[in-house]
Structure formats: C-alpha cells, structure tokens
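Read the structure below first, then the notes.
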Amino acid sequence: MTQNRKLFLNLYWHMHQPDYRDHLTGEFILPWTYLHAIKDYTDMAYHLEQNPDARATFNFVPILLEQLEDYTRQFAEGRMRDPLLALFTVGEDVPLTAEQRKLIVESCFKSNHTKLIAPFPAYSHLYELFRMQASSVVDACEYFSDQYMWDLLMWYHLAWTGESVRRESELVARLMGKGSMFTVEERNQYFVLLGELVSGIIPRYRALAERGQIEISSTPDYHPILPLLLDFKSAHDTMPDAALPQNERYPGGLARAQAHVDAALESHRQRFGHTPSGMWPAEGGVSQAALLLLAEKGVKWAATGESVLGNSLYKAYQQALPDQNQYLYKPYQVSDGTHAITCFFRNDMLSDKIGFEYSKWYAEDAVKDFVQELERIYASTNPDISPVVSVILDGENAWEYYPYNAYYFLSQLYAKLAEHPNIVLATPGEITAHCENAQASEGDFAGVEIKVEPLPAVAAGSWVYGTFSTWIGSPDKNRGWDLLCEAKKNYDLVMAGTKLTDRERAQATRQLADCEGSDWFWWFGDYNSAQSVASFDSLYRRNLTNLYRLLKLPIPKVLDSVISVGAGNPEAGGAMRRGQE
C-alpha cells in the first residue's frame, strides 16, 4: 500500500431554484427562492463557517444568484415584488384585503408537516383551527381574524428560518417563545432580519471561497438540459424506444446551448471574480457533444451520475461492468483530441442515503454509517491508488425532512470527516489540478497517485436513473417541448427582422432562456402532486405567453390549455429523485 494513500471525498452540494418571476411585471409568482435562502443556504454556509477544517463544493446556478440579488435590491429599496413578503410592509391598523387573506391561507401551510409544523405548538394550533374551520360552510379566509392571519404569516416564516438562525438570533428566539399575538413592530423587526439573511448569502459563500474552504462551480445559465438542446435523439442512448417530440430537434439548439454556457461563465466572473473551474451540467445531463462543448469553453471539470458512467463504459467496451470498486472511484477524461474535460461520477448509494435515508436515523448513527461506508471503499479499492468518492446531491431540499434542518447531522458529519486520518475533503478543482500536474502538488496531495481513466464514449443521460426520462419521452413532456419549439421558431423569425429594438430583443432572449430551463419538464407528469404540477404548468405557460408578447406576436390559444395534470404523492414531494430506480 502506498504510504500517502488517502480517500479523497468530493462532497458537492447543488443549489438551484428556477426563475419564479413574471418578467413583464417583475413579480415573484412563487416564494421558494427566498425561503430556501433563509433556511438552507443560510444553514449550509453556517456549518462550514463553524468548522474551518471542513471543505466542500457548492454549485450555484446563475439564475438562482440573480434572484437572490433581486431580493436583495427589494429589501434595500423597501419595495417588495414578492406578494408574500410584501405583506410584512402592511402598516399598522390597515385591514387585510380578501386577496391578501387568501394568499396567506393558501401559502402558509405549504410545509413539511412533521418537521416544519408539528414541532411548534403555536403553529400546530393555527393549523388545527384551520382544519376545523375547513368543514364549516364559512370560508376560512373570511372567518379568521386579521391577528390569526398575521400569526400564521409569522409562523410560516419562523418555521422556514434556518436552525443556525434560531440558535444565534435573540429576536427569533423571543418571537418563537412568544408564539402568538405578534405586533406590527415585531413583524417589522423580523422583516429586517429576513433582508439581512437573504442579502448575506452571496457574500458569505464568496468569503468561504476566498479563504479556500469551498469551491464554487456553476451551471449553464437558466439550467437547461444541454444534450436535449443539442439533439433530442440523445435521449435514445439510454431510452431507445422512447417517443420524442414531433419536432425533430430544438431549433438553433447549439447556439442556445453555447449562450447558456457563456452567460454562466460571465455570471461567475462578475459575482466571484474569476472563471469557474468546473460546471455541474443541469441535472447532471451530459452527452459527448455537451461535455466537449463545455471543454471548448475552457471548463476543466464536470460531474454527473453513477449510471451515466456505467452506461458509458458499456457503450465503449460492450462488456458487463466489473465490481464497482474497480471503476467508480476515479475521475475520467473525455476528449476529442483537441479539447478535454475531467468528469466525476456520483456514488448513488451514499448520495441518496443523505438525500433520502439518513433523515430517519439518529444523527450520530447516520454519520457513523456514512464514514464506515467510506472506510469500506478505502479498504476495497486498489491499495496503490487513492480513490476519489463523489457524493453529489441537492443542497437545499433534503434538510426539511431532517430534525432541526439537519443541524446535528451536518455538524457531526463535517467534524468526523475533517478529523479522519484517511479521508481528505477535497474539491473537484483541486483533484483535477493534481491530476494535471501531480509533481507540483503539496499538502494532502503530496505523493498521492490518483488514476484518471480515458472515457472513449459517453452514453447521454442524467443523474436521475442515467436517462432523460424525467424531462422527455412522455406525451406531456413532449408536448411541452413542442410548444417551446414553436415559440423558438417564431423567436427566430422575429429576430431575423427589424421590428424590435435592441432592448426588446434582449428582453425576448431573456424570456426564451427562462422557457428553456429544465424545471418545467421535471414537474410535468401524473406521478407528481397535483398542486406542484399545476404551479409549474401555469408558470411555464405564462412564460411562453410572455415570450409571444415580447415578440409582439399573437398568443396561441393552445397556451390556455393545461399541459400536464398531477395525481401522485412522490417521495420528498417530488423535488428530489434518487439516482437509481
């Protein structure tokens, strides 16, 4: 065994929310960006700040960063374009309107009941009162007092406040202790805190990156599935019998894919002062063409799912896969002879344990199990090579299923990993740099051998099941693509003319980019909940409608019709999926 052999753990958290704004009005239609900011982005930064020896990588999608900056401006100017947040600015003794009451009732119970409502007696009491009133002939929006509504608004946000803030903020502790009858002054005080939390997100992560504790990567601008923009038929790599949209391909897909990548690189330079070393392709969606596009743009590394690697190795060698320990725990290089990119592949089992299983365990037992799995990998792999284990998952949606927003799990996890003698927390950028010039490596990388294998072929797919089935192939998903293709054809015709000013052309292009995001297609499907599908279906059609308005074209009547209807009860509410079925 090599004396300096270590296990290098690439702990990689993906942060993403689609654009929830109506670009014609500037209004935020859904509140999830700022809610995750005050709960998850805040807590995730806190755990690294509290443990300077811990290291991780965070992926921030540009459109998420843009929305955080938008909220920051709203708080600074005092003019809120998010209707839920705007309620905090309602003056004293000003009665709530029927519309405002309806918004509070429809919004403020949208929480994980077990972890975000039940633990708080005062919030639970509000919920039970609502449930009892629901059986009455009198509408709850009319029945309950304004004070009930204000208390419900406050508790919804207190429940969504990060555990680190609850423990550090005297104001939050006092409000939660009081429990009810919140005054306008207390609402104002809490509103100021919300602004501080949201405004502090980007600076906190920038500071962590500047001191070398984290690496920040990016994703193509509005989170599109690059391989599908480039070629719908790439889905047939792993779904050979899948039905595809009526349109043979997305019009001008290469140029649009390049535009999303270019915008992401520029976003990162503006916000963090340098070009990102790596990218997480949206949903880990890769193909040979997509990876080489990133390489041509100077991106040094990318990452995706374990099944993509398995499918790619089979595509390249037409042989059954060997034991996982022989092929998974190393980076691979994809090259066309001119451009090359290093690829990291997710360990589905460990990633999904954090995403779906450990929330049901005691934190100490979960951390022990995770470390033991890493020790098993260390003992089972080539004794002369240092294994690289990539644990990659959603960094925002998992935690609401943990007690205390995973406070104890994450605190103990970072502590145990940072002190382990054979485990090194490392970033993909560091590992890639070492592989390019091992002789110059220092510290934990000194004298370490990490094997990089060439990957002759890439089977197009994503981190979800290794396929694109989440975004294409069913009637409703394909219909969504066909509606987008028709809008893009109209966009191209208008752009070829002269009827739009430069400003109007930029607005239309921005709206098109929003429509190209992956999230709309993710939520189409009867396996998702009715409420989630309805929300995203409506917002997608609103975006397409706005695109036609910006192009000064008639709005197709088909956009009045629902694309998809949900009827399921998916795990984790459908916001996360496991790597393998």
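FYI, the numbering for the sequence shown is 236 to 816, going by our numbering. Note that the Cβ used here is the ideal one computed from N, Cα and C, for glycine as well. These numbers were taken from a predicted model, which means no experiment stands behind them.
Would the region 247-255 and the region 682-693 be scored as touching if the rule is three or more Cβ pairs under 8 Å?
No: the two stretches stay apart, fewer than three of their Cβ pairs being nearer than 8 Å.
So that I know if they touch, is there some Cβ in chain C lying closer than 7 Å to that of Arg745?
Of the chains in the structure shown, none is chain C; there is only one protein chain.
In chain order, which continuous runs of the beta strand (DSSP E) of length 3 or greater are located wholly inside the region 575-641?
As far as the region 575-641 is concerned, its whole beta strand (DSSP E) runs of at least 3 residues are 575-580, 623-629.
Under 8 Å by Cβ, that's how I've got Gly513 and Pro622 pegged, so tell me the actual separation to the nearest angstrom.
That pair is no contact at about 19 Å.
Have a look at Asp592 and Asn347 and give me their C-alpha separation to the nearest angstrom.
The sequence given here places Glu at residue 592; Asp does not occur at that position. Whole-angstrom Cα-Cα distance: 16 Å.
Suppose contacts are defined by Cβ-Cβ distances below 7 Å. Is Asp587 in contact with Gly814 by that definition?
Taking the C-beta atoms as reference points, Gly814 is found nearer than 7 Å to Asp587.
DSSP beta-bridge partners of His271
In the DSSP output, where bridge partners are listed per residue, His271 has none listed.
Does the beta-carbon distance from Leu527 to Ala492 come in below 7 Å?
No, the pair does not count as a contact, with Cβ atoms beyond the cut-off.
Ends of the alpha helix (DSSP H) at Trp755?
For Trp755, the enclosing alpha helix (DSSP H) starts and ends at 754-758.
In chain order, what are the residue ranges of uninterrupted alpha helix (DSSP H) at least 4 long that sit wholly in the region 467-509?
The qualifying runs are 488-507.
Quick check on Tyr281: buried or exposed, where buried means 16 or more other Cβ atoms within 10 Å of its Cβ?
Looking at its Cβ environment, which holds 16 or more other Cβ atoms inside 10 Å, Tyr281 is buried.
Reduced DSSP secondary structure (H/G/I, E/B, other) of Arg745
In the displayed model, Arg745 falls within a helix according to three-state DSSP.
What does a CB cutoff of less than 7 Å around Leu259 pick up in its chain, not counting 5 residues either side in sequence?
The residues are Asn781, Arg784.
Less than 8 Å between C-beta atoms, sequence neighbours within five positions excluded: which residues of the same chain meet that for Pro789?
If the five residues before and after Pro789 are omitted, its C-beta is found closer than 8 Å to the C-beta atoms of Tyr783, all from its own chain and listed in chain order.
What separation, rounded to the nearest whole angstrom, lies between the Cα atoms of Asp571 and Ala530?
CA-CA distance, Asp571 to Ala530, rounds to 10 Å.
Alpha carbon to alpha carbon, how far is Glu483 from Ala641? Give it in angstroms, no decimals.
Cα to Cα, the separation comes out at about 45 Å.
His471 and Ala517 - do their beta-carbons sit closer together than 7 Å?
No, these two residues do not count as a Cβ contact at 7 Å.
Cross-strand partners of Thr292 (DSSP beta bridge)
In the DSSP output, where bridge partners are listed per residue, Thr292 has Tyr247, Glu450.
Considering only their Cβ atoms, is the gap separating Trp716 from Ser753 smaller than 7 Å?
Their beta carbons are not under 7 Å apart, which means Ser753 does not touch Trp716 by this criterion.
Can you give me the C-alpha to C-alpha distance between Val699 and Tyr562, rounded to a whole angstrom?
One C-alpha to the other measures close to 19 Å.
When you compare each of Thr268, Lys274, Met315 to Glu262 by their alpha carbons, which one comes out closest?
Checking every option, the nearest Cα to that of Glu262 belongs to Met315.
With a threshold of 7 Å on Cβ separation, who are the neighbours of Met279 within its own chain once the five nearest residues in sequence on each side are excluded?
The beta carbon of Met279 is closer than 7 Å to those of Trp248, Gly630 in its chain, skipping five residues each way along the sequence.
I need the boundaries of the beta strand (DSSP E) containing Trp536, first residue and last residue.
Annotation for Trp536: the continuous beta strand (DSSP E) segment containing it runs 536-539.
From the DSSP output, which residues share a beta bridge with Gln568?
Thr577, Pro689, per the DSSP bridge assignment.
When you compare the region 716-726 with the region 596-616, are there three or more beta-carbon pairs, one atom per stretch, that lie closer than 8 Å?
Too few Cβ pairs lie closer than 8 Å, so no.
Bridge partner(s) assigned by DSSP for Val419
DSSP, once it has assigned bridges, lists no residue as partnering Val419.
For Gly435 and Lys792, what's the separation of their Cα atoms in angstroms?
When only Cα atoms are considered, Gly435 and Lys792 end up about 43 Å apart.
Cβ distance (whole Å) where Trp385 is taken to contact Arg422 below 8 Å
About 7 Å; that satisfies the 8 Å criterion.
If you compare alpha carbons, which of Pro656, Phe467, Gly590 is closest to Tyr810?
Checking the displayed sequence, the identity of residue 810 turns out to be Ala instead of Tyr. The residue with the shortest Cα to Cα distance from Ala810 is Gly590.
If I measure Cβ to Cβ from Asn657 and keep anything under 7 Å in the same chain, skipping five residues before and after, which residues do I get?
For Asn657, where only same-chain residues beyond five positions count, the Cβ hits under 7 Å are Lys241, Leu242, Tyr613.
Mind listing, in chain order, the continuous alpha helix (DSSP H) runs of no fewer than 4 residues lying wholly within the region 370-447?
Assignment of alpha helix (DSSP H) within the region 370-447, counting only whole runs of 4 or more residues, yields 375-378, 381-394, 398-403, 405-413, 419-445 in chain order.
Tell me whether the region 347-365 and the region 399-410 touch, counting them as touching only if at least three CB pairs, one residue from each stretch, are closer than 8 Å.
Using a Cβ-Cβ distance cut-off of 8 Å, the region 347-365 and the region 399-410 are not in contact, since fewer than three pairs of beta carbons, one from each stretch, lie closer than that value.
Glu765 to Asp476 span [Cα, whole Å]:
Looking at the sequence itself, residue 765 is Ala, so the reference to Glu does not match. Their backbone Cα atoms lie some 28 Å apart in a straight line.
Kindly list the residues whose CB is nearer than 8 Å to the CB of Glu284, restricted to its own chain and excluding five residues on each side of it in sequence; keep chain order.
So the list reads Arg439, Leu443, once near-sequence residues are dropped.
Under the three-state DSSP convention, the category Phe263 falls into:
Phe263: strand per DSSP, three-state reduction.
Smallest Cα separation from Arg812: which of Gly519, Leu609, Ala311, Tyr552?
Comparing Cα positions, the closest option is Gly519.
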